[in-house]
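To keep things clear, I will list the structure first and then write my remarks on it.
2 protein chains.
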Amino acid sequence: MNTLPCYDLFELSLSGPQDGNPFLDVQFSAQFQLGSRTVPCEGFYDGGGIFRLRFMPDRPGEWTYTTRSNSPVLDKQSGAFTCVPARAGVHGPVRVSGRTHFAYDDGAPYFQVGTTCYAWNHQGEKLESQTLATLAGSPFNKLRMCVFPKHYTFNHNEPELHAFERGSDGAFDFTRFNPAFFQHLEQRIAQLGDLGIEADLILFHPYDRWGYATLPFEVDQRYLHYLVARLAAYRNIWWSFANEWDLMTKSMADWDSYLKLVQQLDPVQHLRSVHNCRVLYDHGKPWVTHVSYQTIATSPDIAPVGELLRQYGKPVVVDETCYEGNIPNRWGNITPQEMVRRFWDATALGGTCGHGETYLHPEDILWWSKGGVLHGQSPARLAFYRQLMENHAPGGLDPVKDVLGRNFHAVGRGSDYYLVYFGLHQPARIAYNFPEGHRYRLEVVDTWQMSVTPLPGVYADSGEIDLPGKPYLALQAIHL
Amino acid sequence: MNTLPCYDLFELSLSGPQDGNPFLDVQFSAQFQLGSRTVPCEGFYDGGGIFRLRFMPDRPGEWTYTTRSNSPVLDKQSGAFTCVPARAGVHGPVRVSGRTHFAYDDGAPYFQVGTTCYAWNHQGEKLESQTLATLAGSPFNKLRMCVFPKHYTFNHNEPELHAFERGSDGAFDFTRFNPAFFQHLEQRIAQLGDLGIEADLILFHPYDRWGYATLPFEVDQRYLHYLVARLAAYRNIWWSFANEWDLMTKSMADWDSYLKLVQQLDPVQHLRSVHNCRVLYDHGKPWVTHVSYQTIATSPDIAPVGELLRQYGKPVVVDETCYEGNIPNRWGNITPQEMVRRFWDATALGGTCGHGETYLHPEDILWWSKGGVLHGQSPARLAFYRQLMENHAPGGLDPVKDVLGRNFHAVGRGSDYYLVYFGLHQPARIAYNFPEGHRYRLEVVDTWQMSVTPLPGVYADSGEIDLPGKPYLALQAIHL
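Quick mapping for you: the protein sequence lines, in order, are chains A and B.
So in the numbering used here, the last spot in the first sequence is 537, and the numbers never skip.
So in the numbering used here, the last spot in the second sequence is 537, and the numbers never skip.
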């Protein structure tokens, strides 16, 4: 019998009918079974008479399957494979852990350090390969990217591939997907997965000149069916239903139905979020797994992470809070210091943050949308940040009050670890007030200079500590 | 006939009864008259059998007066003086100008650049003289200061003088003011006036161990009568009814009645404000002349100046938005860069800002409360800021949209002058869009390095400008 490591992708390919419109005419699905557990799974038409079924086994054991179709040649095909333990370094899809943190399916910690290349996958082989190489050497373990190409300032180039076939009149035929487009997309998603990077895949966005933003309801629905069938078996997918849902013309009923549809179809139950511009989608709805927040504050204010955590009890990712760069747009020209500050501040409030980079470029290759190489000074600091977080708090941190300093943003993991971040504040002295009976060592973290300096001695109960009194410092307390 | 320059202080001193309690028993007032205009004015008992009347003439001409008293020796005393034009550099009290700006009574511009030394006047001659010398060389033209002493962290020293006499039991006799206390206070206010500094005099505050914060209603009322009688003739007084009114135990009815009482009594109609901690006093009430705002934002967010301007249509002064320093308290340890940023940001939103400094000091002499000398790096930048503002926009600036850049904080004075401030943003290129038919020269202002760099050429209509792409820059457009 075939074997397959857990969380890898099982694919069944069958030849079927090419006549008529197989995208519309042929239903094709399967039931996968492990012991008494059954998992329904939709197949899809990949062009050229080929139908495929993809499945991601999440537990070792003997899996069997049987297909169903209204086409006799695709119906009642059975098979089996043995799922063996995952390959080293593979931990499965990321899920919500506890209430407000993330972890991989197998329980390994996942601490989100995201970046954004909205349209990197529409730039052609040369640039896309360069982006992958850059990501391989970067600190980022999540990438926000769009299925559809982007039309916007700095983004006027035509993509090589489109999601729909064109009819004889040159217009898109919304009843026929272009398999080459999706084959390319899933190749890029798989490559990200090989780099340990989650693909926060944006299903809809408003920056469009081709018609993707305003597809009819039934086309949106077919598109979601097709996406889930093709992509759900990739373990590193997150479903981000929108970039800036509130700038689009879809109704609230449409949005709700799209999220519910994917919730119903997705055998893996990947994370689901809805990113805002000005107005938040109601994150209390049960099909939203976490908050994907954009702050458009006119001041360098980080999102109200604490309020979002309290209100929704879900992880808060500040996916967009201005980008390091120098373009005219207000959201695209903060300093690297400020970009890094926002990561630490979001963390010290109990959430995590997203990076982006927008430096003017002679060929308009800005990381935020096209990828390429990174020019900024924040990624090195974010590598330091990620390393420190993964060393001390890979499972995430929760807000605490008045343990280290008063009224500063501070977080902890039970009584094992505390972190306070001072940002633009530079106290030369702060108070500490540790839980009774616990002893700690203290380290001053210079988040910009990337240094960790232990303070001499052991700290317990309450007292005062002298600090260097400069900006961008954090202080961590590690349980002895 | 005696002559007196306009806006100077006229004082009439008369001997009267010392028996009983002259503070309570003797009513003493006058009517001042210039042509057909009459101005009522309360007198006060200054101890030692001396009663005084103070008056600030605001127009040249022949002023006459007649006293009224229930004590025959103080009643029906008449006199006259000739008010002559003001001395050079004297422009009278500051008033609201237009809707949201300030100007002196004679129409000369006043652009608010404030600082804070809450209890400087309770520190004894040596330190108080040093504070005055520091202020003389500083950029500040307004000082927030308390009538009563301050009890708080870093502020545990006992003042030399108290506002009430003590009874034989050592306790304050709230029916008898201590003239020496008020003589000292008005000496300091006059010295500030000589330096061209407005005294934003805080009448009540919660940081107290002596009982000043919780005086009975009728004592508060007598205190306000006494203060107005003694101080209203000093042209540089602003009445700040509270530091952090919402931390005190007075009722809303009390606050309203206190503001209305001073509005009714004050012959000069000095500015009246109420400073908040968390909850704003209703600045829509007609006896409030301007917004004196504290932001306690946990992020480096400047106050919602634009919203306050729209809501109240009154000048907005962000009197407290953290202080440059390094003390443990979150509000007292921002960097000098951040202190300066907040001034420019408040300005670019259509308001003005207040400075404070809180560096740890071996003898706990922190500028914010005790005065002394300035240690920080922001005052030099605020001198540059004040000079630039007074050169280009002494009458104040109003919010504008999309003239210089899009969605940055920007202000202008009609079509004569525009200013956009980028703060932590560093665009290397922005768009401009000037009103039709107007031509401008442009200057890049480095608010931290204190440089002004003209851009070559003349600018009109719309287009794009390249900028240095670094933080803390402003750009100003000056009409040709």
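Every residue gets a Cβ at the ideal spot worked out from N, C-alpha and C, and that includes glycine.
In this text the structure is predicted, and so the values were computed from the model without any measurement.
Local Cβ density within 10 Å of residue i, reported as buried at 16 or more and exposed below that
{"i": "B:Phe274", "result": "exposed"}
{"i": "B:Pro393", "result": "buried"}
{"i": "A:Ser308", "result": "exposed"}
{"i": "A:Asn390", "result": "buried"}
{"i": "A:Leu81", "result": "exposed"}
{"i": "B:Asp376", "result": "buried"}
{"i": "B:His213", "result": "exposed"}
{"i": "A:Arg111", "result": "buried"}
{"i": "B:Lys371", "result": "buried"}
{"i": "B:Val509", "result": "exposed"}
{"i": "B:Asp402", "result": "buried"}
{"i": "B:Ala405", "result": "buried"}
{"i": "A:Gln533", "result": "buried"}
{"i": "A:Gln75", "result": "exposed"}
{"i": "A:Thr352", "result": "buried"}
{"i": "A:Ser435", "result": "buried"}
{"i": "B:Thr306", "result": "exposed"}
{"i": "A:Ser356", "result": "In this prediction, A:Ser356 scores a pLDDT of 49, lower than 50, which makes its location untrustworthy; the coordinate-derived value is nonetheless stated afterwards. So A:Ser356 ends up on the buried side."}
{"i": "B:Pro528", "result": "buried"}
Cβ distance (whole Å) where residue i is taken to contact residue j below 8 Å
{"i": "A:Arg329", "j": "A:Pro150", "result": "Actually they are not in contact, since the Cβ atoms of A:Arg329 and A:Pro150 sit about 12 Å apart, beyond 8 Å."}
{"i": "B:Trp388", "j": "B:Thr173", "result": "With 8 Å as the limit, B:Trp388 and B:Thr173 do not qualify as a contact, their Cβ atoms being about 11 Å apart."}
{"i": "A:Asn490", "j": "A:Val468", "result": "About 15 Å separates the two Cβ atoms, so there is no contact after all."}
{"i": "B:Ala286", "j": "B:Glu68", "result": "Not confirmed; about 12 Å, so no contact."}
{"i": "B:Tyr122", "j": "B:Ala87", "result": "5 Å"}
{"i": "A:His148", "j": "A:Asp162", "result": "7 Å"}
{"i": "B:Ala531", "j": "B:Tyr478", "result": "4 Å"}
{"i": "B:Ala485", "j": "B:Asp523", "result": "6 Å"}
{"i": "B:His208", "j": "B:Phe238", "result": "Rounded, the Cβ-Cβ distance is 16 Å, inconsistent with contact."}
{"i": "A:Ala290", "j": "A:Leu66", "result": "5 Å"}
Beta-carbon proximity list for residue i, same chain, < 8 Å, skipping 5 on both sides
{"i": "B:Leu184", "result": "Trp177, Ile422, Lys427, Gly428 and Gly429"}
{"i": "A:Leu316", "result": "Phe298, Arg329, Val331, Lys342, Trp344 and Val345"}
{"i": "A:Ala440", "result": "Ser195 and Pro196"}
{"i": "A:Gln187", "result": "Gly428, Gly429 and Val430"}
Cβ-Cβ distance between residue i and residue j below 8 Å
{"i": "A:Val348", "j": "A:Val319", "result": "no"}
{"i": "B:Leu260", "j": "B:Leu288", "result": "no"}
{"i": "A:Ile246", "j": "A:Asn198", "result": "no"}
{"i": "A:Thr471", "j": "A:Ala488", "result": "Strictly speaking, residue 471 of chain A in this sequence is Gly, with Thr absent from that position. Taking 8 Å as the Cβ cut-off, A:Gly471 and A:Ala488 do not qualify as a contacting pair."}
{"i": "B:Asn464", "j": "A:Gln483", "result": "no"}
{"i": "A:Ser135", "j": "A:Gly73", "result": "no"}
{"i": "A:Leu200", "j": "A:Leu249", "result": "yes"}
{"i": "B:Glu447", "j": "B:Phe168", "result": "yes"}
{"i": "A:Ala137", "j": "A:Met58", "result": "yes"}
{"i": "B:Trp505", "j": "B:Arg443", "result": "no"}
{"i": "B:Tyr380", "j": "B:Glu414", "result": "yes"}
{"i": "B:Leu272", "j": "B:Phe298", "result": "no"}
{"i": "A:Trp295", "j": "A:Asp257", "result": "yes"}
{"i": "A:Gly407", "j": "A:Thr157", "result": "yes"}
Own chain partners of residue i with C-beta closer than 7 Å, once the 5 adjacent residues on each side are dropped
{"i": "A:Pro525", "result": "Val501"}
{"i": "A:Gln84", "result": "Ser126 and Asn127"}
Spatial neighbours of residue i in its chain, beta-carbon cut-off 6 Å, leaving aside the 5 residues before and after
{"i": "B:Asn300", "result": "Ile259, His262 and His332"}
{"i": "A:Arg496", "result": "Val515, Ala517 and Leu537"}
{"i": "A:Leu322", "result": "Val285"}
{"i": "B:Thr60", "result": "Thr139 and Val141"}
{"i": "B:Gln326", "result": "none"}
{"i": "B:Pro62", "result": "Val141, Ala143 and Arg144"}
{"i": "A:His449", "result": "Tyr474"}
{"i": "B:Val336", "result": "Asp303"}
{"i": "B:Ser154", "result": "Ala160"}
Practice task
Output, in sequence order along the chain, the residues in the region 471-485 of chain B whose CB is closer than 9 Å to any CB in chain A.
Solution key: Phe479, Gly480, Leu481, His482, Gln483, Pro484 and Ala485
Exercise for the section: Check distances from the C-beta atoms of the region 417-436 of chain A to those of chain B and list, in chain order, the residues that come in under 7 Å. Expected result: Leu417
Practice task
Note down, in chain order, all residues in the region 460-471 of chain A with a beta-carbon under 9 Å from any beta-carbon belonging to chain C.
Solution key: Among the chains of the structure shown, chain C does not appear; the protein chains present are A and B.
Exercise for the section: For the region 517-530 of chain B, enumerate the residues whose C-beta is nearer than 7 Å to any C-beta of chain A, in chain order. Expected result: Gly526 and Pro528
Problem - Residues of the region 195-213 of chain B whose Cβ lies closer than 7 Å to any Cβ of chain A, in chain order - result: none
Handout entry: Residues of the region 386-397 of chain B whose Cβ lies closer than 9 Å to any Cβ of chain A, in chain order
Key = Asn386, Arg387, Trp388, Gly389, Asn390, Ile391, Thr392, Gln394 and Glu395
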